[in-house]
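Numbers 6 to 506, taken from my numbering, label the letters of the sequence shown in order.
Have a look at the structure below, then the notes.
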Amino acid sequence: MLFNQESLKVFQRVSGSDLQVCQPKGLTCCSRKMEERYLLIAKQNMESSLQATSAQLKVLIIQNAALFQEAFDMVLRLGRNSTLTLIREEFPGLGAGASGAVTQLFLDMSLYILGSDANVNDMVSTFFSRLFPLTYRRLLGNGAVTGISEDCLRGAWRGASAFGSFPKMMMTRLSRSLLATRVFLQALNLGIEVVNTTQHLRAGRDCGRSLLKLWYCPHCQGLLEARPCRPLCVSTMGACLGGAAEVQPHWKAYVEELGTLATAMKGEQDIEAVVLRLHVIIRQALKQAVATKSKVSAQVSGICAHAPARVSRAVALSKEHVAASPVPHNRPPVNFDPDETLFGRRREFISGLRGFSQFYSGLGEALCSKEPAALNSSLCWNGQEMTDKFPGPGLKRVHPHGSESRQKPPEPVISQIIDKLKHINQLLRMVTLPEKRWKARPGGGAARRDPAGQGQADEDEEGLESGDCDDEDECTGVSGLGPPRRNRAPRRNRLRIFSGQ
6 MLFNQESLKV FQRVSGSDLQ VCQPKGLTCC SRKMEERYLL IAKQNMESSL
56 QATSAQLKVL IIQNAALFQE AFDMVLRLGR NSTLTLIREE FPGLGAGASG
106 AVTQLFLDMS LYILGSDANV NDMVSTFFSR LFPLTYRRLL GNGAVTGISE
156 DCLRGAWRGA SAFGSFPKMM MTRLSRSLLA TRVFLQALNL GIEVVNTTQH
206 LRAGRDCGRS LLKLWYCPHC QGLLEARPCR PLCVSTMGAC LGGAAEVQPH
256 WKAYVEELGT LATAMKGEQD IEAVVLRLHV IIRQALKQAV ATKSKVSAQV
306 SGICAHAPAR VSRAVALSKE HVAASPVPHN RPPVNFDPDE TLFGRRREFI
356 SGLRGFSQFY SGLGEALCSK EPAALNSSLC WNGQEMTDKF PGPGLKRVHP
406 HGSESRQKPP EPVISQIIDK LKHINQLLRM VTLPEKRWKA RPGGGAARRD
456 PAGQGQADED EEGLESGDCD DEDECTGVSG LGPPRRNRAP RRNRLRIFSG
506 Q
């Protein structure tokens, strides 16, 4: 503990009868005014030392929270750009309407990971509801069809199974990866709040008096080089921390659960692996609609035949704008280095955080470790007098608040962060629960089987079963739980935001 040596001088010993804490057995060097100033200095030293002790942990979490937020934003931007490029190059007939649907989808995803109340399944449904009228009129060659309202078309893709199993697949993967990302960011932000709360604890009246007795009362006896006995220091710090030691079990669980989530964020729970290949699923969905256009058109006609007519004014497109424009997939392969991905950076962060897993159990010890070494290593200040630093078993210890020191309940602010840690730990456990087969469950219910069964994957299967997924379609790595294969990743989606750091 750094002693802030003010100009506190006396030129003669006094009785000290007016002292409140450093009451002497005889004459003393301190006046009441000096005692008050020592009390203020003791509180300031405690608070500044607490901030210094917590600084490294605080910087670790703050820097990584900002880094991961920026990284997730960039992943979403890259995913959006890849999807917009897909629409522009391979399905130019869809036009600006499809681009608007893509932009809104990625905006909703961005807001979701920041904590919005949006539902991921609803986001995906809305996206395909906006996409299908354009698909129906422009890709399926129904631009000249009249009598079908836009409102009916927006919902008809479900009944017609226009996009096969791909919307459900998209819901499943986005639900898992976005939820994991959202909870991960929430946990980091709570970690900052927890450290901030304990870092800025203020020394109260009883704590200040104990600190005064610990550090400065020996000055009043002329013992300027006296250092407090270790047990007294640790006990005093524990009392001054307002029950912060009770945060320890919840903090340790927080570090463990966050580490478990960070490890689990791969495959379908990794936003990088999912979002950077989202355009592949969207391509397959559109190709599914084109491949089954006759059946889809017939089913839409049946569904929307008796719908209220709010007829679209869409103009029939020429043949060259009707079909999808295939583009050769000649993007050069690139090797994925795990250390350059978000997974590698998460692993590095958790490794550093685990070094602080016992932070709150050792906080009092850490504060006392800042005490300068005593010049005479065999003696220390026990709160009343200088005594043997290593007392025998029969020597009575002096408690910081007297012989009847009792365990006090945590301060309200400490109780609040304990409750918040309990809550986030529950969320972390929920997100990392093992799931053999995650399926999209709109409204929280079981996934429904497509009544027509056209292009719909069996619900007990993990893979793509649309029949249209070949090498050209880049489906390899999309259906499995693992990360994309090394030789399939498009260079434009390579995440290099950590280069040079």
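Here a beta-carbon is modelled for each residue, glycine too, at the ideal position from N, C-alpha and C.
My output table needs one value for residue 19: the three-state DSSP class, helix, strand or coil. Taking the first residue of the sequence shown as 1, we reach residue 19 at position 14. Correct three-state label for residue 19: strand.
Contact under 8 Å by Cβ, residue 277 with residue 178: Position 272 of the sequence shown, counting from 1, holds the residue named residue 277. Position 173 of the sequence shown, counting from 1, holds the residue named residue 178. Contact: no.
Out of 430, 249 and 242, point me to the one whose CA is closest to residue 373's CA. Here residue 373 corresponds to residue number 368 of the sequence shown, with the count starting at 1. It is 242 whose Cα lies nearest to the Cα of residue 373.
Residue 293 to residue 166 span [Cα, whole Å]: Within the sequence shown, numbered from 1, the residue matching residue 293 stands at position 288. Within the sequence shown, numbered from 1, the residue matching residue 166 stands at position 161. Just so you know, the alpha carbons of residue 293 and residue 166 end up roughly 9 Å apart.
For the pair the segment 76-93 and the segment 284-302, tell me if three or more CB-CB distances fall below 8 Å. Under the three-pair Cβ rule at 8 Å, the segment 76-93 counts as touching the segment 284-302.
By DSSP's criteria, residue 241 is part of a beta bridge. Which residues make up the other side? Taking the sequence shown and counting its residues from 1, one reaches residue 241 at position 236. Bridge pairing for residue 241: absent [DSSP].
Every unbroken beta strand (DSSP E) inside the segment 159-214 [3 residues or more]: Listed in chain order, nothing qualifies, since the segment 159-214 has no complete beta strand (DSSP E) run of 3 or more residues.
Quick check: the Cα distance between residue 230 and residue 433, rounded to an integer number of angstroms? Sequence index remark: in the sequence shown, residue 230 carries index 225 (1-based). Sequence index remark: in the sequence shown, residue 433 carries index 428 (1-based). For residue 230 and residue 433, the distance between alpha carbons rounds to 50 Å.
Residue 266 and residue 185: beta carbons closer than 8 Å? Reading the sequence shown from its first residue, position 261 is the one you call residue 266. Reading the sequence shown from its first residue, position 180 is the one you call residue 185. In this structure, residue 266 sits near residue 185, with a CB-CB distance shorter than 8 Å.
Kindly indicate which three-state DSSP category residue 229 falls into: helix, strand or coil? Counting from one through the sequence shown, the residue named residue 229 turns up at place 224. DSSP, reduced to helix, strand and coil, places residue 229 outside both helices and strands of the structure shown, so it counts as coil.
Check the DSSP bridge columns for residue 393 and list the partner residues they point to. The count along the sequence shown starts at 1 and reaches residue 393 at position 388. Answer by DSSP bridge pairing, in chain order: 384.
Can you tell me where the alpha helix (DSSP H) holding residue 510 begins and where it ends? Lying before the first or after the last residue shown, residue 510 is absent from the chain, which here runs from 6 to 506.
Would you mind sorting residue 58 into buried or exposed? The rule is 16 or more other CB atoms within 10 Å of its CB. The residue given as residue 58 occupies position 53 in the sequence shown. With 16 or more other Cβ atoms within 10 Å, it is buried.
Check this for me: beta carbons of residue 153 and residue 263, under 8 Å apart or not? Locating residue 153 in the sequence shown gives position 148, counting from the first residue. Locating residue 263 in the sequence shown gives position 258, counting from the first residue. No, Cβ-Cβ distance for residue 153 and residue 263 is not below 8 Å.
Which residues share a DSSP beta bridge with residue 33? What you label residue 33 is simply residue 28 of the sequence shown in a count that begins at 1. Secondary-structure assignment with DSSP links residue 33 through a beta bridge to 19.
Contact defined as beta carbons within less than 8 Å: I believe residue 67 pairs with residue 202. What is the distance between those atoms, to the nearest angstrom? Within the sequence shown, residue 67 is the residue found at index 62, counting from 1. Within the sequence shown, residue 202 is the residue found at index 197, counting from 1. That pair is no contact at about 14 Å.
Going by DSSP in three states, residue 452 sits in which element: helix, strand or coil? Here residue 452 corresponds to residue number 447 of the sequence shown, with the count starting at 1. Any reading at residue 452 needs caution, since the residue's pLDDT is 38, under 50, leaving its predicted position unreliable; the model's value is listed next. In the structure shown, residue 452 sits in coil (DSSP, three-state: anything other than H, G, I, E or B).
What is the DSSP secondary structure of residue 362, counted as helix, strand or coil? Counting from one through the sequence shown, the residue named residue 362 turns up at place 357. Three-state DSSP puts residue 362 in coil, outside helix and strand.
Distance between residue 347 and residue 82 (C-alpha atoms, nearest Å): As a position in the sequence shown, residue 82 is number 77, starting the count at 1. As a position in the sequence shown, residue 347 is number 342, starting the count at 1. Looking at the two C-alpha atoms, the distance is approximately 15 Å.
What does the Cβ neighbour count give for residue 417, buried or exposed, with the cut at 16 atoms within 10 Å? Position 412 of the sequence shown holds residue 417. By the neighbour-count rule (16 or more Cβ atoms within 10 Å), residue 417 is not buried but exposed.
Is it right to say residue 113 is buried, meaning 16 or more other beta carbons lie within 10 angstroms of its own, or is it exposed? Here residue 113 is taken as the residue at index 108 of the sequence shown, counted from 1. Counting Cβ neighbours within 10 Å, residue 113 comes out buried, since at least 16 surround it.
Go ahead and label residue 75 buried or exposed: buried means 16 or more other beta carbons lie within 10 angstroms of its beta carbon, across all protein chains shown. What you label residue 75 is simply residue 70 of the sequence shown in a count that begins at 1. With fewer than 16 other Cβ atoms within 10 Å, it is exposed.
DSSP three-state assignment for residue 304, whether helix, strand or coil: Counted from its first residue, the sequence shown places residue 304 at position 299. Three-state result, residue 304: helix.
Is residue 86 helix, strand or coil when you go by DSSP? What you label residue 86 is simply residue 81 of the sequence shown in a count that begins at 1. Helix at residue 86.
If I'm right that residue 106 touches residue 136 with Cβ under 8 Å, what's the distance once you round it to whole angstroms? Within the sequence shown, residue 106 is the residue found at index 101, counting from 1. Within the sequence shown, residue 136 is the residue found at index 131, counting from 1. At roughly 5 Å, the Cβ-Cβ gap stays under 8 Å, so residue 106 and residue 136 are in contact.
How far does the alpha helix (DSSP H) with residue 130 in it extend, from its first residue to its last? Here the question's residue 130 lines up with position 125 in the sequence shown. Per DSSP, residue 130 belongs to the alpha helix (DSSP H) from 125-139.
Would you give the residue range spanned by the alpha helix (DSSP H) that residue 115 belongs to? By 1-based counting over the sequence shown, the position of residue 115 is 110. Per DSSP, the continuous alpha helix (DSSP H) segment holding residue 115 begins and ends at 100-118.
Identify whether residue 26 lies in helix, strand or coil by the three-state DSSP scheme. Here residue 26 refers to the residue found at position 21 of the sequence shown. In this structure, residue 26 counts as coil in the three-state DSSP scheme.
Which residues mark the beginning and the end of the alpha helix (DSSP H) in which residue 269 is found? Taking the first residue of the sequence shown as position 1, residue 269 is located at position 264. Segment 253-269, the alpha helix (DSSP H) holding residue 269.
Determine the closest residue to residue 51 out of 251, 22 and 244, with distance taken between C-alpha atoms. For the purposes of this step, residue 51 is identified with residue 46 of the sequence shown, where counting begins at 1. Nearest C-alpha to residue 51: 244.
Alpha-carbon to alpha-carbon, residue 429 and residue 191: As a working note, residue 191 is residue 186 in the sequence shown. As a working note, residue 429 is residue 424 in the sequence shown. Their backbone Cα atoms lie some 8 Å apart in a straight line.
Local conformation of residue 298 per DSSP, three classes: On the sequence shown, position 293 is the one that residue 298 refers to. Residue state, collapsed to three classes: helix.
Looking at the secondary structure, which residues open and close the alpha helix (DSSP H) in which residue 424 lies? Taking the sequence shown and counting its residues from 1, the one referred to as residue 424 is at position 419. Residue range 417-436 is occupied by the alpha helix (DSSP H) that includes residue 424.
Assign residue 210 to buried or exposed, taking buried as 16 or more other Cβ atoms, counted over all protein chains shown, within 10 Å of its Cβ. The residue you call residue 210 lines up with position 205 of the sequence shown. Answer is exposed; the Cβ neighbour count stays below 16.
How many angstroms separate the CA atom of residue 431 from the CA atom of residue 221? Here residue 431 refers to the residue found at position 426 of the sequence shown. Here residue 221 refers to the residue found at position 216 of the sequence shown. If you draw a straight line from the Cα of residue 431 to the Cα of residue 221, it comes to about 45 Å.
Helix or strand or just coil, what does DSSP make of residue 413? The residue you call residue 413 lines up with position 408 of the sequence shown. Three-state result, residue 413: coil.
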